[in-house]
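There are 2 protein chains.
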Amino acid sequence: MAKNITDRKDDYSQWYLDVVREAKLADHSPVRGSMIIRPNGFALWENMKKALDQMFKDTGHENAYFPLFIPKSFLSKEAQHVEGFAKECAVVTHSRLKSVDGGVEVDPDSRLEEELIVRPTSETIIWDAYGKWIQSYRDLPILINQWANVVRWEMRTRLFLRTMEFLWQEGHTAHATEEEAVEETTRMLGVYKTFAEEFMAMPVKTGVKTANERFAGAVDTYCIEALMQDGKALQAGTSHFLGQNFAKAFDVKFQDQDGEHKYVWATSWGVSTRLIGGLIMTHSDDNGLVLPPKLAPHQVVVVPIYRDNEQRENVLNYAEPIIQELKAKGISVKLDNRDNFKPGWKFAQHEAEGTPLRIAIGPRDVENQNLELARRDTLEKSIVPLAGITDYIEELLETIQNDLFNTAKKRMDESTRNVDTYEDFKNEIEKGGFIYAHWDGTAETEEKIKEETKATIRLIPIDEDPVPGECMVTGKPSERRVLFARSY
Amino acid sequence: MAKNITDRKDDYSQWYLDVVREAKLADHSPVRGSMIIRPNGFALWENMKKALDQMFKDTGHENAYFPLFIPKSFLSKEAQHVEGFAKECAVVTHSRLKSVDGGVEVDPDSRLEEELIVRPTSETIIWDAYGKWIQSYRDLPILINQWANVVRWEMRTRLFLRTMEFLWQEGHTAHATEEEAVEETTRMLGVYKTFAEEFMAMPVKTGVKTANERFAGAVDTYCIEALMQDGKALQAGTSHFLGQNFAKAFDVKFQDQDGEHKYVWATSWGVSTRLIGGLIMTHSDDNGLVLPPKLAPHQVVVVPIYRDNEQRENVLNYAEPIIQELKAKGISVKLDNRDNFKPGWKFAQHEAEGTPLRIAIGPRDVENQNLELARRDTLEKSIVPLAGITDYIEELLETIQNDLFNTAKKRMDESTRNVDTYEDFKNEIEKGGFIYAHWDGTAETEEKIKEETKATIRLIPIDEDPVPGECMVTGKPSERRVLFARSY
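As they're listed, the protein sequences go chains A and B.
If you use my numbering, the first sequence closes out at 490, no skipped numbers anywhere.
If you use my numbering, the second sequence closes out at 490, no skipped numbers anywhere.
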């Protein structure tokens, strides 16, 4: 087995790219900053979509689809929003090419009257539509989600983590009251936390962003933050309370039960293919990708081992009913019966691709009514009797899922600590991980800490009782500790 | 019940738009030619996607995702391809906006070195990637499908039928031999025919396009053609045998088992949200949308009828176990228990939205252990006993599905005839429908017929034994009758 993956300790960034390549998740594209999501990567995204989509539907949301192009004038309607996105917009200016010698050129006669922006996010085009759909309190709430591609002209890109075009979902809801909208914002934050922890086995911290880190146009941005193996934080999902900002920008009012015309309250929330980057960096090891069973495209792979046709037939006959029983239990199994690859090569490939459980079956296993199981997460192998194998595997997959979460949780907990002085903070931040420290609440101090330490405030906690203290930098009063880290 | 839908006989185009609006399928968008797919329309598309996606996976295909943007130089590599799409391209030329007084403008300093085209289809970007993935016959076949949005700058647009941006799937496969690629092309044509007929209940004709109507870059374009209620044909899906055109344009060769380096053979195939337009125009009536049970977001709606709280409770208690039993059978049921709308209003709404079967339950039904069923397709009502109701409904939904297909098939068959003289053809084409006639095989005659009658050759049949004859226009020899119609 050739070792195609750099060790994490030698070069973490290269390790990440190696894992993505060897697991055949994605490729760079000839368009700078864009990526090709290969079948293995897309199958993973499909499983993530399926689980999230069900959670959205269970909380009352419907899917819809809004246009890719946003008129330039729409973006300008919400002042902070346009400021946030203006510098990273793909702009469509023409609608035709024309033939010239040896190729094609943009036809200057096809210049558009108003330029179109390829959506970086859809608040503006959606709130224009909501303006037409909402008249009365009876039309509220509107609970819509969209699965779509969006484009942000990023300069520094990395597969999955930051790409010019990415796939995501964006929920956009409209409510009669502030209370309802805030409730929706935190409900969807809860959905993201549940998804991250129960499906991705990726523990997260939740809280609210500082004004500096807020979504352009939001009143409050809630987030989930995960901790990667190199000690850096990853913002993995955000849920925005938008107040009445977009309702005012697009003049969206409703007649309430009291007969009054009021502006509508809004939320938006999204997660993207960035989650795949988070998944990779939470669980994978120096042999490649490690996938949690709940999201793995194949939970189990069966590799038959034989030297001749007779052995081949015996082994495959032995494997067949096992595979059928596993499938009957809803476990996704792949039989890798390719003749042109040796078992050792297959083992390495499935290891690189992260399949949670490998079953190897050779002639001796058939004779002894055994199977060899190999866990991807721990790389442990064991010989297990055929009797009761499907129940055993079902439980083992649950164990793997739980172990992945517990391992990641333990790592996060061990890397999370309180720091009281700025001196300690500067030392501690070099070691990576999450640091709770006191901050005076000002943008100036936040900026100073970022410049001097490259650490940002990942979130202000919301779910614990605040304990006041003194800012580690200025000594001024602090309402509560906030969470610092270096981040992606 | 206010009648918001124009009758078909009065104004067919307006009827179509009325049905779309009243069924809340889609809205016009402020971006000319783009549409908003509303939750009802998107739920329908999700069901279509789900069925098609399973059929693609059952035939060995995997999903992936390629970039939205195509470098301009890529489009030019296949000569016919660029000629076909150059005149309808959305072109991205800049990557930033900048603030000016009272708004934002495109930042001239952000002009791109090479313009990017928003994909009108993905052959070029995908064959560039295949060039990197394919070295040996062992890498073949590649069987990839993509669900994506594409943009074609159409001048005359109509919701679902022709929009600037639309959603579709595009399959792109690579093969070692011509035979395999042709087999794939016709296999996927078969998948489309099966989907159209068995899920959409929309009968189709299959065949191959003339050179004039071929996909830009294809050697042969196979298609399914459906007949709408106004007698016009709708191209509902295409499957292209691309020969080695794109392999040559992108220099994609593989080393075969005989050691020789050969160009790869290709196919591509797609269906789009246009199918929703076809579905609407195949089954709907002057009361609104009619949906086939296999694709309806809700197959059954239950409307309780009551005058007071006691009746309400009795009726809902009676309905509850029926709903649970239907759900247990895998039937999707919606209970419309909104208090602020009257039953008659609800009936009209569900009729407009096309729910295949309505159950109304009032106090007398509870007393008599009955239910009132109303079929959307025939508008027939019947009183049915509670005993055995779930089996009855399960069978009735199958009956509705079959009846919809048979009705549409009968209409198509009755509108399909042979015509021998050009004089007769000119008269007959005015009546709409499909006409089989002899044609001399030349582009000139095809063009003349189109100019004089607005009829095009929808397809050249492939599945029957050809009977030769004489061209109705020129009298020259004709190998077989081809299928004419006016079309969308």
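By construction, the Cβ of each residue, glycine as well, lies at the ideal position given by its N, Cα and C atoms.
Integer Cβ distance of residue i from residue j, believed to fall under 8 Å
i: Ser489 (chain B); j: Ala235 (chain B); result: 4 Å
i: Pro463 (chain A); j: Gly209 (chain A); result: 5 Å
i: Phe201 (chain B); j: Lys296 (chain B); result: 5 Å
i: Phe407 (chain A); j: Pro205 (chain A); result: 7 Å
i: Glu172 (chain A); j: Gly245 (chain A); result: About 18 Å; that fails the 8 Å criterion.
i: Cys91 (chain B); j: Trp17 (chain B); result: The Cβ separation is near 33 Å, so there is no contact.
i: Ala88 (chain B); j: Ser101 (chain A); result: 7 Å
i: Leu19 (chain B); j: Pro299 (chain B); result: About 21 Å separates the two Cβ atoms, so there is no contact after all.
i: Val21 (chain B); j: Val108 (chain A); result: About 39 Å; that fails the 8 Å criterion.
i: Gln259 (chain A); j: Tyr139 (chain A); result: 6 Å
i: Ile431 (chain B); j: Ala457 (chain B); result: 5 Å
Contact check, residue i vs residue j, beta carbons under 7 Å
i: Thr95 (chain A); j: Glu117 (chain A); result: yes
i: Lys26 (chain B); j: Asn6 (chain B); result: no
i: Glu227 (chain B); j: Arg460 (chain B); result: yes
i: Ile72 (chain B); j: Arg121 (chain B); result: yes
i: Leu491 (chain A); j: Ala176 (chain A); result: Outside the shown range of chain A (3 to 490) lies residue 491 (chain A), about which nothing can therefore be said.
i: Asn151 (chain B); j: Leu169 (chain B); result: yes
i: Phe248 (chain A); j: Trp149 (chain A); result: no
i: Ser274 (chain B); j: His242 (chain B); result: no
i: Thr223 (chain A); j: Lys211 (chain A); result: yes
i: Ile278 (chain B); j: Phe68 (chain A); result: no
i: Asp288 (chain B); j: Asp29 (chain B); result: no
i: His352 (chain A); j: Val303 (chain A); result: yes
i: Ala203 (chain A); j: Gln371 (chain A); result: no
i: Gly364 (chain B); j: Ile307 (chain B); result: yes
i: Asp367 (chain A); j: Leu375 (chain A); result: no
i: Val469 (chain A); j: Tyr424 (chain A); result: no
i: Ile119 (chain A); j: Leu77 (chain A); result: yes
i: Val292 (chain A); j: Lys348 (chain A); result: no
i: Glu180 (chain B); j: Trp267 (chain B); result: yes
i: Thr455 (chain A); j: Lys428 (chain A); result: yes
i: Leu70 (chain A); j: Glu125 (chain B); result: no
i: Met1 (chain B); j: Val193 (chain B); result: Residue 1 (chain B) lies beyond the residue range present for chain B, which begins at 3 and ends at 490; the question has no answer from this structure.
i: Gly239 (chain B); j: Glu24 (chain B); result: no
One or two residues paired with residue i in a DSSP bridge
i: Leu72 (chain A); result: The question names Leu, but residue 72 (chain A) is Ile in the sequence shown. Answer is A:Ile119, bridged to Ile72 (chain A).
i: Lys264 (chain A); result: A:Phe256
i: Arg483 (chain A); result: A:His440
i: Glu466 (chain A); result: According to DSSP, Glu466 (chain A) bridges with nothing at all.
i: Gln237 (chain A); result: A:Glu227
i: Thr458 (chain A); result: A:Ala487
i: Asn149 (chain A); result: The sequence given here has Trp at residue 149 (chain A), not Asn. Partner(s): A:Gln171.
i: Glu472 (chain A); result: A:Pro479
i: Ile38 (chain A); result: A:Asp29
i: Phe243 (chain B); result: B:Asp222, B:Thr269
i: Ser15 (chain A); result: According to DSSP, Ser15 (chain A) bridges with nothing at all.
i: Ile144 (chain B); result: B:Ala176
Distance cut-off 6 Å: residue i Cβ against heavy atoms of the ligand NAP
i: Pro479 (chain B); result: In the structure on display, the ligand NAP does not appear, and there are no ligands present to speak of.
Is it the case that the region 58-65 of chain A contacts the region 321-332 of chain A, given that we only count it when at least three CB pairs across the two stretches are under 8 Å?
no
Pairs of beta-carbons, one from the region 385-404 of chain A and one from the region 337-351 of chain A, closer than 8 Å: are there three or more?
Three or more Cβ pairs closer than 8 Å define a contact, and the region 385-404 of chain A falls short of that threshold against the region 337-351 of chain A.
For the region 302-388 of chain B, list the beta strand (DSSP E) runs that are entirely contained and at least 3 residues long, ordered along the chain.
302-306, 335-337, 359-363, 372-377, 383-387
Does the pairing of the region 76-85 of chain B with the region 29-36 of chain B give three or more beta-carbon distances under 8 Å?
no
Would you say the region 212-231 of chain B touches the region 271-283 of chain B, given that touching needs at least three Cβ pairs under 8 Å?
yes
With three or more beta-carbon pairs closer than 8 Å as the criterion, would you say the region 349-359 of chain B touches the region 388-399 of chain B?
yes
Which runs of the alpha helix (DSSP H) fall wholly inside the region 153-225 of chain A and span at least 4 residues, in chain order?
180-196
Go through the region 50-114 of chain A residue by residue and report every complete run of the alpha helix (DSSP H) that reaches 4 residues or more, in order.
74-77, 81-87
For the region 389-454 of chain A, list the beta strand (DSSP E) runs that are entirely contained and at least 3 residues long, ordered along the chain.
Taking only runs of at least 3 residues, the beta strand (DSSP E) segments lying wholly in the region 389-454 of chain A are 418-420, 436-440.
At a cut of 8 Å, does the region 253-269 of chain A reach the region 132-144 of chain A through at least three beta carbon pairs?
With the cut-off at 8 Å, the region 253-269 of chain A and the region 132-144 of chain A touch.
Any chance you could list the beta strand (DSSP E) runs of at least 3 consecutive residues sitting entirely within the region 264-297 of chain B, in chain order?
267-274
Would you say the region 433-451 of chain A touches the region 474-486 of chain A, given that touching needs at least three Cβ pairs under 8 Å?
yes
Is it true that the region 473-483 of chain B meets the region 440-449 of chain B, where meeting means three or more beta-carbon pairs spaced less than 8 Å apart?
A contact exists between the region 473-483 of chain B and the region 440-449 of chain B.
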